[in-house]
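First the structure, in the form of structure tokens, and then the observations on it.
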Amino acid sequence: NAEPYLGARLQRAMDEVGARVGVGRYDEARYLYATPMFATGQAPTAEARTVHLGIDLFAPPGTPVHAPLDGTVAAFADNAAPQGCGPVIVLAHRTTAGSFFTLYGHLGRESLEGLEVGRRIARGERFAWIGTPEVNGGWTPHLHFQVVADLLGLGAAFPGVASPSQRELWKALCPDPNLVLGIPADRFPPPEPSKAETLTSRTACLGRNLSIAYREPVKIVRGWKQWLFDEQGRRYLDAYNNVAHVGHCHPRVVAAIRRQAGVLNTNTRYLHDLVNRYAERLCLKLPEPLSVCFFVNSASEANELALRLARAATGRRDMIVLEAAYHGHTTSLIDLSPYKHDGPGGSGAPDWVHTVPIADTYRGPYRRDDPLAGARYAAHVAAVVRALEERGRGVAGFIAESMPSVGGQIVFPPGYLAAAYAAVRAAGGVCIADEVQTGFGRVGTHFWGFETQDVVPDLVVLGKPIGNGHPLAAVVTTPRIAAAFDNGMEFFSTFGGNPVSCAAGLAVLAVIEEQGLQAHALRVGERVLAGLRPLGERFPLVGDVRGSGLFLGVELVRDRTTLEPADEEASYVVNRLRQHGILLGTDGPFHNVVKIRPPMPFDEANGDFLVATFETVLEELA
Ligand code: PMP
872 NAEPYLGARL
882 QRAMDEVGAR
892 VGVGRYDEAR
902 YLYATPMFAT
912 GQAPTAEART
922 VHLGIDLFAP
932 PGTPVHAPLD
942 GTVAAFADNA
952 APQGCGPVIV
962 LAHRTTAGSF
972 FTLYGHLGRE
982 SLEGLEVGRR
992 IARGERFAWI
1002 GTPEVNGGWT
1012 PHLHFQVVAD
1022 LLGLGAAFPG
1032 VASPSQRELW
1042 KALCPDPNLV
1052 LGIPADRFPP
1062 PEPSKAETLT
1072 SRTACLGRNL
1082 SIAYREPVKI
1092 VRGWKQWLFD
1102 EQGRRYLDAY
1112 NNVAHVGHCH
1122 PRVVAAIRRQ
1132 AGVLNTNTRY
1142 LHDLVNRYAE
1152 RLCLKLPEPL
1162 SVCFFVNSAS
1172 EANELALRLA
1182 RAATGRRDMI
1192 VLEAAYHGHT
1202 TSLIDLSPYK
1212 HDGPGGSGAP
1222 DWVHTVPIAD
1232 TYRGPYRRDD
1242 PLAGARYAAH
1252 VAAVVRALEE
1262 RGRGVAGFIA
1272 ESMPSVGGQI
1282 VFPPGYLAAA
1292 YAAVRAAGGV
1302 CIADEVQTGF
1312 GRVGTHFWGF
1322 ETQDVVPDLV
1332 VLGKPIGNGH
1342 PLAAVVTTPR
1352 IAAAFDNGME
1362 FFSTFGGNPV
1372 SCAAGLAVLA
1382 VIEEQGLQAH
1392 ALRVGERVLA
1402 GLRPLGERFP
1412 LVGDVRGSGL
1422 FLGVELVRDR
1432 TTLEPADEEA
1442 SYVVNRLRQH
1452 GILLGTDGPF
1462 HNVVKIRPPM
1472 PFDEANGDFL
1482 VATFETVLEE
1492 LA
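Residue numbers (my numbering): 872 to 1493.
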């Protein structure tokens, strides 16, 4: 029941401007209508009736309602139900062109006493009163006033809200009630741009290579937990966004940011306890000797810094990276990201970047049936290390996501990172774990992805989920590497580690812990895997189902022998799921891996819904 909150907020807003009556708008999509009464289907993402067809006038219960026009009572009823419209009266008005109706909802029950259909009501006559929440359906006291051209025989059961897909039809039947009320136009905020207008202005003023998800773009205006809401009030299940780690708009994180932003936000050249406390808490989550933090604003910056640290620690330049890897958008990181420099618009790897096969046991040269796959993939790393030494250069470092995400939601074979790290370290290089996608409990079995491989990196790079969407990123390293970096040149990031960011980061760590999100991710992930795996038996298209916790991938192939990537099919699946209200993406070098990586509150029921809908879409494809 949102009434007490809504009522208090409305009252505050009215008090601030000294308004006696608050106005709720016509043709406005609202997120309030959440009960089954407003749903148009069983699915949690089914369209709901969200578009308001009347104008609301918020005033205290008992406020009299006077007829704006001469009329007769056409219908009345007490639609008593939670979130219903309570006592309703409909008046009919005759004009030379025919009749039309005005509808009054959420009235007090006394308004219906002794009322009869056909009774004449004169213009200006007091004929009703605003009801209390006890009788008006549980709403903040208000009058719902609606103009209706044709009652469609529905009488007092005529709907006050419509589904977005039928918006134009219902608006034609129910014109703007302000035609009767005459509230000055300047009392209304300017209309929001339509989705089409948003798209046009974006295309005009933002770079074109900033892509837009889905064939039919989505305009999202609200987030809550694992749910996103579009401008029409439609709800989507977010099964893709790992940034909103503890859930979109988690109140604890929002409050922490808001509180600190109202007290102080400045740089880290002053002493402040939050940055220290956050660094301490973060280091507590990491194994020894990872105990020195550097804070920046994005994972790209963090990887860039990790690269500098690796070079400072080794005095070398050359880096080893996995095929199809992505580590960030800066110049050096495009060089270090085969996914970019080997893709469209790219110009290949520079001479300091050495690419090794990604340890993909589904598609790569060594497969799952080979117990030595991990060692064999690691041998490629050792070979690059040797070749560099033979050229007298030596390796600065090896960088890998602990489970490559852009690479296609890859789970390394056992022993891979341990052997790769050993080869790099034996040659004096350092090992960087990019935990931007896998960190903070997402993989379920462990808090960090690298722990699944039983290794301890020299540098850990954190981003995306770290601040639940607040721009924050970090490099955590060893005292030895940090000391080597401390060569006289100052390290400073204006925004990095500011008190607001640290407040956000601390809140995220606290929520993960208190809500047991890592164990939750493991439980829900196991259930989703168990639901998806049998799809592989029914549909030849489903080549592989893999992942850990809430970091999952479904690889689609046209042929199980050649593993021909089913990229168009993957795109079809993702776009169809979007139509069903489930947001997912594709990844992998061939864009044929459907990636499931939701906010961590994603639960069992969401997982079951995802699996069932996935199956429906696969049936269409079959
Ligand atoms: N590393 C990995 C593994 C990533 O997935 C990303 C972003 N997709 C980055 C680094 C770069 O992060 P950002 O866009 O926050 O700079």
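Built from N, CA and C at the ideal position, the CB exists for glycine as well.
- Only buried fits PRO1284, as 16 or more other CB atoms lie within 10 angstroms of its CB.
- Checking the 6 Å criterion, the Cβ of SER1162 is out of range of every heavy atom belonging to the ligand PMP.
- If you draw a 10 Å sphere on the C-beta of ASN1112, you find 16 or more other C-beta atoms in it, and that means buried.
- For HIS1116, the shortest separation between its Cβ and any heavy atom of the ligand PMP does not lie below 6 Å.
- With a cutoff of 7 Å on beta-carbon distance, TYR975 and ALA945 are scored as not near each other.
- Contact holds between the segment 1093 to 1113 and the segment 913 to 929, because three or more Cβ pairs, one in each stretch, are under 8 Å apart.
- At least one heavy atom of the ligand PMP sits closer than 6 Å to the Cβ of GLU1272.
- Per DSSP, the unbroken beta strand (DSSP E) holding ASN950 starts and ends at 942 to 950.
- Per DSSP, GLU1490 is not a residue of any beta strand (DSSP E); the alpha helix (DSSP H) it occupies stretches across 1475 to 1492.
- In terms of Cα proximity to VAL961, the closest of ILE992, ALA952, GLU981, PRO1242 is ILE992.
- When the beta-carbon positions are compared, VAL1266 and GLY1300 come within less than 7 Å of each other.
- DSSP places ASP1438 inside the alpha helix (DSSP H), whose first and last residues are 1438 to 1450.
- Taking the Cα of VAL1347 as reference, the smallest distance to any Cα among THR1365, GLY1359, HIS1341, VAL1327 is reached at VAL1327.
- Not one heavy atom of the ligand PMP falls within 6 Å of the beta-carbon of ASP1206.
- Annotation: PRO953 to GLY1008 spans about 5 Å, alpha carbon to alpha carbon.
- ASP1415 carries a strand assignment under DSSP once its states are collapsed to helix, strand and coil.
- For GLY1094, DSSP records a beta bridge to LEU1099.
- Collapsing the DSSP output to three states places ASP1430 in coil.
- PHE1029 and ILE926 do not touch by the CB rule: their CB atoms are close to 15 Å apart, not below 8 Å.
- The criterion of a C-beta distance shorter than 7 Å is not satisfied by ALA1345 and LEU1330.
- The DSSP-derived three-state label of ILE1303 is strand.
- Each residue's CA atom was taken as its position, placing PRO1470 and ALA1170 some 18 Å apart.
- Taking one beta carbon from each stretch, the segment 1450 to 1468 and the segment 1263 to 1282 have 3 or more pairs nearer than 8 Å; the two touch.
- Under the three-state reduction of DSSP, ARG1179 is assigned to helix.
- A buried status is given to ILE1229, since no fewer than 16 other beta-carbon atoms sit within 10 Å of its beta-carbon.
- A distance criterion of 6 Å places the beta-carbon of ASP1305 in contact range of the ligand PMP, judged by its closest non-hydrogen atom.
- For PHE909, there is no enclosing beta strand (DSSP E), since its DSSP letter is neither H nor E.
- Rounded to whole angstroms, GLY1263 and PHE1269 show a C-alpha spacing of 17 Å.
- For GLU1272, the enclosing beta strand (DSSP E) covers residues 1268 to 1272.
- If only uninterrupted alpha helix (DSSP H) runs of at least 4 residues are considered, those enclosed by the segment 1193 to 1281 are 1202 to 1206, 1209 to 1212, 1244 to 1261.
- Secondary structure note for SER970: its beta strand (DSSP E) is the uninterrupted segment 969 to 976.
- In the three-state scheme derived from DSSP, where H, G and I count as helix and E and B as strand, ASP1109 is classed as strand.
- In summary, CYS1076 is exposed, with fewer than 16 beta-carbon neighbours lying within 10 Å of its beta-carbon over all protein chains present.
- With 16 or more neighbouring CB atoms inside 10 Å of its own CB, PRO1048 falls in the buried class.
- Approximately 6 Å separates the beta-carbon atoms of PHE1473 and VAL1395; this is inside 8 Å, confirming the contact.
- Less than 7 Å divides the Cβ of TYR1085 from the Cβ of ARG1449.
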